[in-house]
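Enquirer: Sharing a structure below in structure tokens format, with a few things to ask.
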Amino acid sequence: MACEVWFRPSRAGAAARRVEVPPGTTLLEAAHRAGMPVARACGGGGLCARCGLRVVAGAEGLAPEGSAEARAKARNRVDASLRLACQVRVEGRLEVSAAYW
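Just so we're aligned, residue 2 is where the sequence shown starts under the working numbering, counting upward by one.
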């Protein structure tokens, strides 16, 4: 069963985008499929922490933050409320936003 992911731009007037992906797809790949740019410098390896996205809805369906994600966020001083798109795997309906959309 496909998982629905909504990308909600923070800019006024910008349209949201929706994509369906198989369970287990990274949020980074889902964003790519939706045509939404996600900042990153490490190629999705969980090192740079530039791919931090705000989960607007559906966080309860995500696995808890893993140690690699926590270390990358701490090392790079990323807001604790963000999740790294390269580390999060989509398992259900999800809505996310980024400050630069």
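The C-beta atom is built at its ideal place from N, Cα and C for all residues, glycine as well. As the structure is a prediction and not an experimental result, all values here were calculated from the model.
1. Quick check on the DSSP output: the beta strand (DSSP E) that includes Glu-5 runs from which residue to which?
2. Below 8 Å, how does it come out for the segment 79-99 and the segment 51-62: are there three or more Cβ pairs, yes or no?
3. Rounded to the nearest angstrom, what separates Arg-90 and Gly-25 at their Cα positions?
4. Ignore the nearest five residues each way along the sequence and tell me which others in Cys-4's own chain have a CB closer than 6 Å to its CB.
5. Out of Ala-15, Leu-28, Arg-34, point me to the one whose CA is closest to Val-97's CA.
6. Pick from Met-2, Gly-67, Ala-35: whose alpha carbon is nearest that of Ala-16?
7. Could you check where the alpha helix (DSSP H) with Val-31 kicks off and where it finishes?
8. What does DSSP give as the partner residues of Val-20 in its beta bridges?
Expert: Taking the geometry as given:
1. 4-8
2. yes
3. 5 Å
4. Val-22, Pro-24, Val-91, Gly-93
5. Leu-28
6. Ala-35
7. The sequence as given places Ala at residue 31; Val does not occur at that position. Start and end: 28-35.
8. Val-6
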